[in-house]
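Just below is one structure, and these are the notes that go with it.
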Amino acid sequence: MQMIIHRASWQRITPLLIFAAMLAFAAWNLWDGYHRLPQIEDAVVAANLRNPKLSSGERSVLNAWPGYARAITSQRLRLDRIFHNNEIKNWIPSSQVQGVQLAAETVAMLAAFPFLLAVWVSTIKLKATDAGLFIWRTGQLDWQQILEIDNRRWATDGLVVLAFSPKFLI
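When you line the sequence shown up against the numbering used here, it's residues 2 to 171, in that order.
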């Protein structure tokens, strides 16, 4: 009697697909949060330097704007208040930008879990004990029952062929 043991394709592929999707989503959000949104905010500041709706004090705050990447939290909050009070369009609140940045960092860290799962599944092996061969999620097969083990395709295809006597019960 022969038994073919193999890792299911979903066990090998699904975690890697989830990892790739999470990594792509994290990269997209990192690009948005650290590059695109700060550029948009700096462009809005530059476009409103001569806005007649703003007071001279508010314009001086805009002139002193060091750029989103170099601004400190109090400067960002002051700019948020100025643009909110004057109903300036296209402004993205700093809390929203920081939320995008936090989401990207969180997703990037969480992407490690499906990757680790994929690594764990790819390292599943047949474990040999003194009593016999332990097959993951199946049980123990005594050495006296095993006639032949062909594991030449385990590393590439995740496939092992066992020939054993029919006393083995799953």
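Every residue, glycine too, gets a C-beta built ideally from N, C-alpha and C.
- The criterion of a C-beta distance shorter than 8 angstroms is satisfied by Ile150 and Leu163.
- A contact is defined here as three or more CB-CB pairs under 8 angstroms, and the segment 52-59 meets this definition with respect to the segment 87-95.
- CA-to-CA, the gap between Ala112 and Val101 works out to about 16 angstroms.
- For Leu118, the secondary structure class from DSSP, reduced to helix, strand or coil, is helix.
- Leu63 is positioned such that its CB atom lies closer than 8 angstroms to that of Leu50.
- One Cα belongs to Ser75, the other to Phe26, and the distance between them is close to 30 angstroms.
- In the same chain as Gly133, and ignoring 5 residues on each side of it, the C-beta atoms closer than 6 angstroms to its own belong to Gln141, Leu142, Asp143 and Trp144, in chain order.
- DSSP, read as helix, strand or coil, puts Ile41 in helix.
- Taking C-beta separations shorter than 7 angstroms and ignoring five residues to either side along the sequence, the partners of Pro94 in its chain run Asp81, following chain order.
- Just so you know, the alpha carbons of Ala21 and Ala156 end up roughly 22 angstroms apart.
- The C-alpha of Trp66 is placed about 7 angstroms away from the C-alpha of Ala72.
- At least 8 angstroms separates the beta-carbon of Leu31 from that of Ala119.
- A straight-line Cα-Cα distance of about 20 angstroms links Ala104 and Trp92.
- Shown here for Ala129: same chain residues with a beta carbon closer than 8 angstroms to its own, the five before and five after excluded, namely Phe135 in chain order.
- For Gln141, the three-state secondary structure derived from DSSP is strand.
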